[in-house]
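Note sheet for the following structure.
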Amino acid sequence: MIDPKLLRSDANGVATNLARRGFSFDADAYLALEEKRKSLQVETESLQSERNKSAKSIGQAKAKGEDIEPLLAAVNDLGARLEDTESALQSVQTELRDIELGLPNLLADDVPDGNSEDDNLEVRRWGEPKAFAFAPKDHIELGEALGGLDFDAAAKVSGARFAVMQGGLARLQRALIQFMLDTHTSEHGYRETYVPYLVHAHALEGTGQLPKFEEDLFKTTTERPFYLIPTAEVPLTNLGRDRIFDVGELPLRLTAHTPCFRSEAGSHGQDTRGMIRQHQFEKVELVHLVAPDQSEAALEAMTGHAETILQRLELPYRVVALCTGDIGFGASKTYDLEVWLPGQQKYREISSCSNCNDFQARRMKGRVRNADTGKPELLHTLNGSGVAAGRALIAVLENYQQEDGSIRVPDVLKPYMGGIDTIA
RNA sequence: GGAGAGAUGGCUGAGUGGUCGAAAGCGCUCCCCUGCUAAGGGAGUAUACGUUAAUAGCGUAUCGAGGGUUCGAAUCCCUCUCUCUCCGCCA
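What the first sequence shows, in the working numbering, is residues 1365 to 1788, in sequence order.
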């Protein structure tokens, strides 16, 4: 959520910023509603004040044994008037909140302008795409030939956009996950965390998936519905919900491995083949909860942590700054890591690291006591993939393939693979 | 799933319709006293919103959440959530 005070004081400035995303915010309509809210609130509160005063004097009169009938008569119509303004105020406030919950985050100044992912700005590259002495295959061909990747079997059980993995490939994904968790916890200062995979709506509202993107989520049909998490960002970030941290407790660096569930509504036809885009995939997530002045540095650090994984795996990648047209709803600034996939001869997203500054914290009331003033202020949240395990598996398959279709095991994964150096 | 008990400020815990944002204790902060530690005395110590130049005042809301009764609700009623105890079931 954008600071309502800022919306009031500089609605046009907000509109200009959001326009960079191609989002149109009707500042005048908002301000008109806001004026209405203000007068209703002032009126409501003065009526409440009047009511409280009368109630108090009635209490005092009664204690002294005086006749309270005249006093009761005097407040006779107060209740009805209060009820009217209170309900009017509430409906205006609901309207305002609906608007506010629908507004994306303000963009950082240095987010490059652009309309689509083609306009993202390359920040740096690491590694050289390997030159193969043969025509490299894609992960689908490799996996099916190895017998460990089966989309037909998955289709029988669950339909399209699911995969069954077995044997060496299944173990390789587990190895990747273990390696990532171990690296982040032992070298990057993250706390390993186990979280629920089913969450309530309010958690998703906190991180920004709701109310706007419900169609992207899977939802249970229980009386009080749960949603399947689309990313561990949701339960991890919400650990800061309704809390006031002491400044010494931050920064909090959290990591969790979870499956992620996405309906992929609206992505028909995209990446339908293979494991790139699935309803269910594994991911190691990184989340930072930090004091407000720390988030810019934290974004660079977090991106570096995800890069470390790719570097240790010796996977060529590039870092791009997402442009105004491609950046996510809750992010003020995002770096994507794109790994080289020889099967596609393309860089493909494998991690996305975002600074959400106070956007999520405001929604979930996550605060930190200011070191100087002692006053609570909104903390800043960041999230990033460290990295997507399913896609990392694809990257390893394609980059480590040999001419006979076998897969060399990356050195850093060997300890997790029982020492074997090839999957054949 | 069955039966019962509970949810109050950083913590413990009082408060069953009126002057209660809330006793008391602990903790914490500041001051005083005290030749350093200990003990003692005093003051302060929630959050959000509104109004405002103001993190000054003043007002409003908040005692798990939401609704209701009432001139007035932490206190009474309803629904929900969570916690605990016992039974059942179970990885």
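Yeah, the Cβ is synthetic: ideal placement off N, Cα and C, and Gly gets one too.
Could you spell out where the beta strand (DSSP E) holding residue i opens and where it closes?
i: glycine 1748; result: 1744-1752
i: glutamate 1702; result: 1697-1705
i: valine 1648; result: 1644-1654
i: threonine 1549; result: First-last for threonine 1549: 1531-1551, but that is the alpha helix (DSSP H), not the beta strand (DSSP E).
i: phenylalanine 1609; result: 1607-1609
i: phenylalanine 1625; result: 1616-1625
i: glutamate 1713; result: 1710-1719
i: arginine 1445; result: Run containing arginine 1445: none in the beta strand (DSSP E); it sits in the alpha helix (DSSP H), 1442-1466.
i: arginine 1641; result: Arginine 1641 -> no beta strand (DSSP E), and no H or E assigned at all.
i: leucine 1506; result: Premise fails: leucine 1506 lies in the alpha helix (DSSP H), 1503-1510, not in any beta strand (DSSP E).
i: valine 1683; result: 1681-1685
i: leucine 1485; result: 1485-1490
Taking the continuous alpha helix (DSSP H) assigned at residue i, which residues delimit it?
i: threonine 1408; result: 1391-1427
i: valine 1378; result: 1375-1383
i: threonine 1601; result: 1597-1601
i: proline 1434; result: 1433-1438
i: tyrosine 1726; result: The sequence shown places arginine at residue 1726, rather than the tyrosine named in the question. Its alpha helix (DSSP H) spans residues 1723-1728.
i: glutamate 1660; result: 1659-1676
i: alanine 1565; result: 1565-1571
i: valine 1521; result: 1515-1522
Taking the alpha-carbon positions, what's the residue i to residue j distance?
i: aspartate 1700; j: alanine 1753; result: 15 Å
i: proline 1589; j: glutamine 1573; result: 15 Å
i: asparagine 1376; j: alanine 1383; result: 10 Å
i: glutamine 1454; j: lysine 1417; result: 23 Å
i: lysine 1697; j: alanine 1472; result: 6 Å
i: glycine 1689; j: isoleucine 1463; result: 21 Å
i: asparagine 1721; j: glycine 1748; result: 13 Å
i: serine 1388; j: phenylalanine 1693; result: 13 Å
i: valine 1521; j: isoleucine 1787; result: 26 Å
i: arginine 1676; j: alanine 1379; result: 43 Å
i: proline 1500; j: arginine 1755; result: 17 Å
i: valine 1598; j: valine 1563; result: 8 Å
i: aspartate 1477; j: aspartate 1483; result: 7 Å
i: leucine 1777; j: glutamate 1762; result: 16 Å
i: phenylalanine 1582; j: leucine 1540; result: 26 Å
i: serine 1480; j: serine 1770; result: 37 Å
i: leucine 1536; j: threonine 1619; result: 20 Å
i: valine 1475; j: arginine 1772; result: 39 Å
i: arginine 1415; j: valine 1684; result: 59 Å
i: alanine 1444; j: alanine 1437; result: 13 Å
i: threonine 1408; j: arginine 1461; result: 19 Å
i: arginine 1385; j: isoleucine 1691; result: 8 Å
i: valine 1406; j: serine 1451; result: 14 Å
i: valine 1439; j: glutamate 1613; result: 51 Å
i: serine 1410; j: threonine 1449; result: 11 Å
i: serine 1413; j: tyrosine 1558; result: 48 Å
i: glycine 1783; j: glutamine 1542; result: 15 Å
i: aspartate 1502; j: arginine 1637; result: 11 Å
i: isoleucine 1744; j: phenylalanine 1723; result: Checking the sequence, you will find histidine at residue 1744 rather than isoleucine. Near 8 Å, if we compare the C-alpha coordinates of phenylalanine 1723 and histidine 1744.
Report back the beta-carbon spacing between residue i and residue j to the nearest angstrom; my notes put them in contact at under 8 Å.
i: glycine 1730; j: leucine 1742; result: 7 Å
i: methionine 1781; j: valine 1648; result: About 17 Å; that fails the 8 Å criterion.
i: glycine 1512; j: glycine 1491; result: Rounded, the Cβ-Cβ distance is 26 Å, inconsistent with contact.
i: tyrosine 1711; j: proline 1623; result: In fact, because the Cβ distance is near 25 Å, the residues do not count as touching under 8 Å.
i: valine 1751; j: isoleucine 1673; result: 5 Å
i: histidine 1632; j: histidine 1548; result: Incorrect: roughly 35 Å between the Cβ atoms, too far for contact.
i: lysine 1576; j: glycine 1738; result: About 36 Å; that fails the 8 Å criterion.
What residue from the options has the CA that sits closest to residue i's CA?
i: valine 1528; options: Arg1538, Ala1379, Ala1517 and Asp1610; result: Ala1517
i: proline 1740; options: Gly1689, Ala1425, Asp1610 and Ala1427; result: Asp1610
i: methionine 1666; options: Gly1694, Pro1680, Asp1483 and Ser1716; result: Ser1716
i: histidine 1621; options: Val1456, Glu1678 and Arg1538; result: Arg1538
i: alanine 1759; options: Leu1446, Gly1507 and Pro1434; result: Gly1507
i: leucine 1592; options: Glu1613, Arg1617, Glu1505 and His1566; result: His1566
i: leucine 1395; options: Glu1459, Glu1664 and Glu1628; result: Glu1459
i: aspartate 1657; options: Ile1504, Gln1724, Gln1766 and Pro1615; result: Pro1615
i: alanine 1661; options: Asn1719, Val1703, Thr1585 and Pro1779; result: Asn1719
i: alanine 1725; options: Ile1608, Asp1785, Thr1557 and Arg1626; result: Ile1608
i: phenylalanine 1625; options: Leu1705, Lys1426, Arg1525 and Val1683; result: Arg1525
i: leucine 1435; options: Leu1510, Gln1424 and Asp1775; result: Gln1424
i: glutamate 1678; options: Thr1449, Leu1371, Gly1553 and Leu1705; result: Leu1705
i: alanine 1629; options: Arg1637, Thr1586, Asp1580 and Glu1646; result: Asp1580
i: arginine 1682; options: Ala1695, Gly1553, Glu1702 and Ser1659; result: Glu1702
i: phenylalanine 1496; options: Gly1707, Asp1775 and Glu1556; result: Gly1707
i: glutamine 1457; options: Leu1446, Pro1368, Gln1709 and Ala1519; result: Pro1368
i: glutamate 1713; options: Arg1733, Leu1686 and Ala1735; result: Leu1686
i: glycine 1523; options: Pro1779, Arg1372 and His1643; result: His1643
- With a cut-off of 8 Å, do at least 3 Cβ pairs link the region 1648-1667 to the region 1599-1618? yes
- Are the region 1399-1419 and the region 1477-1493 touching, with three or more C-beta to C-beta distances below 8 Å? no
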